[in-house]
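Reviewing the structure listed below.
Number of protein chains: 2
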Amino acid sequence: MVKYVKIKYELIKKDGNARLGKLITNHGTYDTPIFMPVGTLANVKMLTKEELVDAKCAVILSNTYHLWLRPGADTIKKAGGLHKFMNYDGPILTDSGGFQVFSLAKNKAKDITEEGVHFKSHIDGKSLFLTPELSMEIQNKLDSDIAMSFDECIPYPATYDYVKQSTERTLRWAKRGKDAFDNENQSLFGIVQGGEYEDLRKYSAVETVKMGFDGYSIGGTSVGEGKETMYKMVDYAIKYLPEDKPRYLMGVGEPFDLLEGVQRGIDMFDCVLPTRLARHANAFTYKGKINLKNSKFKDDFTSIDEKCDCYTCKNYTKAYIRHLFVAKEGLGGRLLSIHNIRFLVKMMEEIRQAIKEDRFLEYKNEFLSNYEDKAKL
Amino acid sequence: MVKYVKIKYELIKKDGNARLGKLITNHGTYDTPIFMPVGTLANVKMLTKEELVDAKCAVILSNTYHLWLRPGADTIKKAGGLHKFMNYDGPILTDSGGFQVFSLAKNKAKDITEEGVHFKSHIDGKSLFLTPELSMEIQNKLDSDIAMSFDECIPYPATYDYVKQSTERTLRWAKRGKDAFDNENQSLFGIVQGGEYEDLRKYSAVETVKMGFDGYSIGGTSVGEGKETMYKMVDYAIKYLPEDKPRYLMGVGEPFDLLEGVQRGIDMFDCVLPTRLARHANAFTYKGKINLKNSKFKDDFTSIDEKCDCYTCKNYTKAYIRHLFVAKEGLGGRLLSIHNIRFLVKMMEEIRQAIKEDRFLEYKNEFLSNYEDKAKL
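Protein chains in written order, with this note's numbering: chain B, 14 to 390; chain V, 14 to 390.
Put into structure tokens, the structure is as follows:
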């Protein structure tokens with residue numbers, strides 16, 4: 014492992030706009046596109062690093078806002094950084110806290126100024142003030158491999174004028190964050206905003222790229238804007254991003270969204286979906302999601318997917334997992350988290366193989382023709 | 014591994030009344046005395062078999078009453094027995110359901126007849142009727158390595174007359190259970206009752222032994238009767254138990270109780286304590302229990318016990334585990350469960366080594382002189 018380098022991205026080949034690449038980090042080199050599970054509070058809920066490694070996870074994501082509140086950036090710095098604190102030696106990406114400020118702030122009340130955002134803690138209502146500089150300071154202390162710029166997650170829908178002003182401010186925040194950034198071991202990604210407006214997306218992409226970040230994210234809004242709008246925003250922005258840097262679509266983890274994202278040239282995805290679904294007894298399968306609480310699984314002594322190579326499928330039956338959920342035993346959520354994460358990680362392996370063999374669209378069509386969850390497309 | 018044999022116990026040596034022995038089961042041979050973690054609902058809460066094996070667990074216990082209600086004995090029988098259902102290939106002991114009927118029945122209301130006990134489910138209030146024959150039928154279906162006789166957990170305190178009648182009925186129930194027992198792969202233990210009365214304990218022990226069980230448990234009461242009374246009940250009964258069969262003290266897991274029990278000649282203990290304490294952020298140490306939520310651990314980047322060989326102590330700091338509990342992350346309970354189980358299992362390893370070297374009392378005194386939790390002695 015190479016220490017103390019900014020991450021590098023190498024494009025290996027393209028199949029349409031889908032990209033097979035390589036992400037070289039301080040904590041290992043991984044082929045892209047990848048799915049990154051979320052470890053909000055310095056742990057992927059219920060799981061240990063061995064389970065993440067066993068599921069062949071590459072990068073995991075952790076949340077700056079949550080860690081700022083608990084246990085605090087200074088505690089993690091004293092521990093020697095997030096990797097040591099949580100005992101994970103793969104790459105870690107931290108978000109900027111921006112999304113949480115807009116989605117989690119108590120009563121959703123916030124006061125956006127040029128300087129930063131005033132809001133109240135979702136835990137105890139305490140007044141907080143997050144700025145681009147503070148987001149960088151916290152992320153620098155966390156010492157993740159990849160830090161994210163602090164942006165405004167624009168409400169949806171919003172007027173052209175509001176989005177324009179917000180996008181311009183996010184550009185100023187990106188510059189301030191970049192100037193304040195002070196950790197030579199860490200990379201910093203810019204975030205393209207611009208809402209649903211084509212010219213603003215272009216403007217944001219071009220100006221963000223001019224600043225020269227180590228990678229680029231295409232930011233969404235603070236609420237679900239609908240799939241069509243999301244893909245439109247990706248289409249508007251992605252053509253202005255450089256080929257030699259990774260592109261990251263935040264908060265996306267539904268199988269069909271991974272396929273749509275890869276098709277447009279996205280390299281990195283993250284989502285709480287696999288672990289959140291797991292805690293509610295839902296498992297991904299190639300035929301769609303199944304709910305393990307369903308009584309039809311009471312005496313079903315087969316695994317969730319006989320062909321799946323995850324720990325859960327190799328060791329436990331649907332009947333047993335159903336029993337754990339019916340009896341409210343936490344092991345159920347743990348076992349399904351392992352399966353769901355492995356499912357998305359394995360799907361990305363298959364996608365990479367398909368790109369390699371110039372048959373990404375074929376893979377996508379075959380996947381979707383088997384997947385019975387199309388209502389959400 | 015030998016299949017289809019009743020368990021065997023071989024006494025290796027004694028140090029005072031403390032016994033070093035060998036328990037030969039259908040699922041492996043283990044030195045005794047042992048501590049058995051509890052997997053009430055066919056799982057030791059939050060943990061997998063690999064973690065139990067890694068903590069060097071021998072037998073684990075599962076609860077007949079709970080499994081009878083969920084998922085039902087027939088589902089487990091269809092799965093091929095409890096080992097296959099829960100994916101654990103070490104030995105499993107099931108209790109009879111007796112204790113739960115007396116401790117968990119809705120509103121504690123129950124109607125004890127000669128035939129059995131009428132009571133209501135703690136889950137949905139449904140009327141249930143458990144008899145010695147039904148307890149055996151359920152346990153036979155679960156196909157545990159060791160089944161327990163169905164007994165009445167006598168209230169405490171209780172009059173001599175009540176205890177006498179109850180003890181006599183428990184003997185009749187033991188006989189009926191033994192007659193109904195129908196699983197040649199499974200062993201059956203008798204339970205000595207008799208409350209706090211010396212002559213009734215003797216009577217119960219002698220009569221139970223006459224029936225010829227594969228091992229013997231010294232039963233307590235349905236409520237905490239106090240340590241002194243518990244040890245008195247053990248003392249009254251244990252001298253009448255045969256040397257060539259294992260002796261089991263149910264529901265005991267405090268370190269000082271393990272020491273007191275071993276000193277009196279007990280070979281097997283079980284308790285929910287290590288996992289229950291873990292879920293409340295408490296960890297065993299050789300200096301007494303510590304609560305990981307304590308703010309003094311905020312920046313303590315050492316493990317719970319630097320000398321402990323458990324997975325948790327080898328990989329995680331007190332500061333990290335504290336953070337998990339403060340942030341209400343389930344991984345905290347999982348990590349402490351591993352530590353606490355390993356602590357008791359390792360303590361039994363040390364006890365066995367001490368017996369081997371004829372220094373059990375020395376070990377006990379040294380342990381207790383370091384252990385700052387003596388209020389409970």
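Don't be surprised by glycine CBs; every beta carbon is placed ideally from N, CA and C.
query = How do the segment 347–365 of chain V and the segment 54–71 of chain V stand: do at least 3 beta-carbon pairs fall below 8 Å, yes or no?
reply = yes
request  = Just mark residue 388 (chain B) as buried or exposed, buried being the case when its beta carbon has 16 or more other beta carbons within 10 Å.
outcome  = Note on residue 388 (chain B): pLDDT 48, under 50, position unreliable in the model; no value is reported.
task = Quick one: give me the first and last residue of the beta strand (DSSP E) that residue 205 (chain V) is part of.
result = Looking at the DSSP string, the run of the beta strand (DSSP E) that includes residue 205 (chain V) is 200–205.
task = Report the three-state DSSP secondary structure of residue 359 (chain B) (helix, strand or coil).
result = helix
query = What residues from chain B crowd round residue 7 (chain V), counting only those whose CB sits closer than 9 Å?
reply = This structure leaves residue 7 (chain V) out entirely; chain V is present only between 14 and 390.
ask   = Can you list, in chain order, the stretches of the alpha helix (DSSP H) that have 4 or more residues and sit fully within the segment 297–351 of chain B?
value = 324–328, 331–339
task = Any chance you could list the beta strand (DSSP E) runs of at least 3 consecutive residues sitting entirely within the segment 14–44 of chain V, in chain order?
result = 21–28, 31–38
ask   = Which bits of chain B does residue 83 (chain V) rub up against, with CB to CB less than 9 Å?
value = 336, 339, 340
query = Assuming residue 331 (chain V) and residue 84 (chain B) make a contact with CB atoms under 8 Å, what is their CB distance in whole Å?
reply = About 12 Å separates the two Cβ atoms, so there is no contact after all.
inquiry  = In whole angstroms, give me the CA-to-CA distance for residue 15 (chain V) and residue 271 (chain V).
reply    = With a pLDDT of only 45 at residue 15 (chain V), under the threshold of 50, the placement of this residue in the model should not be trusted; the figure read from the coordinates follows. So the two alpha carbons sit approximately 30 Å from each other.
request  = For residue 55 (chain V), go through chain B and note every residue whose CB falls closer than 9 Å to its CB, in chain order.
outcome  = 333, 336, 337, 340, 342
With 16 other Cβ atoms within 10 Å as the buried cut-off, status of residue 175 (chain V) = Residue 175 (chain V) comes out exposed.
ask   = Using 9 Å as the limit for Cβ to Cβ distance, is residue 88 (chain V) near chain B?
value = Judged by the 9 Å Cβ criterion, residue 88 (chain V) is in contact with chain B.
ask   = Which residues in the same chain have their Cβ closer than 8 Å to the Cβ of residue 302 (chain V), if we skip the five residues on either side of it in sequence?
value = 290, 295, 296, 386
ask   = Counting contacts by CB-CB distance shorter than 9 Å, is residue 346 (chain B) in contact with chain V?
value = yes
request  = Determine the contact status of residue 76 (chain B) and residue 108 (chain B), defining contact as a CB-CB distance below 9 Å.
outcome  = yes
ask   = With 16 other CB atoms within 10 Å as the buried threshold, where does residue 22 (chain B) fall?
value = A residue is called buried once 16 or more other Cβ atoms fall within 10 Å of its Cβ, and residue 22 (chain B) is buried on that count.
message = Let me check one thing: in DSSP terms, what residues is residue 49 (chain B) bridge-paired to?
response = B:283
inquiry  = At the level of alpha carbons, what is the spacing between residue 392 (chain V) and residue 267 (chain B)?
reply    = No answer is possible for residue 392 (chain V): it lies beyond the span of chain V, which begins at 14 and ends at 390.
key: Contact belief for residue 232 (chain B) with residue 164 (chain B) at Cβ below 8 Å, rounded distance in angstroms   = 6 Å
task = Answer with yes or no whether the minimum CB distance from residue 60 (chain V) to chain B is below 9 Å.
result = yes
DSSP state of residue 56 (chain B) mapped onto helix, strand, coil = coil
request  = Using a Cβ-Cβ cut-off of less than 7 Å, give me the residues of the segment 348–363 of chain V that come near chain B, in sequence order.
outcome  = none
key: residue 185 (chain V), buried or exposed, once every other Cβ within 10 Å from all chains shown has been counted against 16   = With fewer than 16 Cβ atoms within 10 Å of its Cβ, residue 185 (chain V) is classed as exposed.
inquiry  = Going by DSSP in three states, residue 390 (chain V) sits in which element: helix, strand or coil?
reply    = Any reading at residue 390 (chain V) is ruled out, since the residue's pLDDT is 45, under 50, leaving its predicted position unreliable.
task = Give a yes or no on contact between the segment 308–323 of chain V and the segment 367–383 of chain V, applying the rule of three or more CB pairs nearer than 8 Å.
result = no
inquiry  = Run through chain V and tell me which residues come within less than 8 Å of residue 307 (chain B), C-beta to C-beta.
reply    = What residue 307 (chain B) touches in chain V: nothing, since even the nearest Cβ is about 14 Å away.
request  = Determine the DSSP secondary structure at residue 372 (chain B), reduced to helix, strand or coil.
outcome  = coil
request  = Report yes or no: is there a C-beta of chain V within less than 9 Å of the C-beta of residue 79 (chain B)?
outcome  = yes
ask   = Based on the DSSP output, what are the partners of residue 74 (chain V) in its beta bridges?
value = V:51, V:106
task = Go ahead and label residue 25 (chain B) buried or exposed: buried means 16 or more other beta carbons lie within 10 angstroms of its beta carbon, across all protein chains shown.
result = exposed
Other residues of its chain near residue 276 (chain V): CB distance less than 6 Å, five sequence neighbours each side excluded = 31
query = DSSP beta-bridge partners for residue 131 (chain V)?
reply = Note: residue 131 (chain V) sits in a beta bridge opposite V:124, V:142.
message = Tell me the residue span of the beta strand (DSSP E) that contains residue 159 (chain B).
response = 159–161
inquiry  = Residues of chain V with CB closer than 8 Å to the CB of residue 100 (chain B), please, in chain order.
reply    = 328, 329, 333
task = Report the partner residues of residue 230 (chain B) according to the DSSP bridge assignment.
result = Beta-bridge analysis with DSSP links residue 230 (chain B) to B:204, B:261.
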